[in-house]
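Here the structure comes first, spelled out in structure tokens, and everything after it is commentary.
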């Protein structure tokens with residue numbers, strides 16, 4: 001992916017150890033939204049697919 005990926009994931013794992021399950025889910029959803037915002041390509045696939 002990108003060079004910082006492993007470093008970022010390690011930080012996320014450390015943070016995740018201290019969280020409740022509900023908090024983890026909420027937090028992962030927000031992280032996922034940041035990394036995987038819809039692009040025009042995926043929007044077109046959803047419309048045409």
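Residue numbers (our numbering): 1 to 49. Cβ atoms here follow ideal geometry from the backbone N, Cα and C, with glycine treated the same way.
Beta-carbon proximity of residue 16 to residue 24, cut-off 8 Å: By 1-based counting over the chain shown, the position of residue 16 is 16. By 1-based counting over the chain shown, the position of residue 24 is 24. It is a contact, given that the beta carbons lie within the stated cut-off.
So residue 52 is in the alpha helix (DSSP H); what residue range does that whole segment cover? It is not possible to answer for residue 52, since the shown part of the chain is limited to 1 through 49.
DSSP state of residue 4, grouped into three classes? Here residue 4 refers to the residue found at position 4 when the chain shown is read from its first residue. Of the three classes helix, strand and coil, the one that applies to residue 4 here is coil, per DSSP.
Distance between residue 2 and residue 18 (C-alpha atoms, nearest Å): Locating residue 18 in the chain shown gives position 18, counting from the first residue. Locating residue 2 in the chain shown gives position 2, counting from the first residue. One C-alpha to the other measures close to 26 Å.
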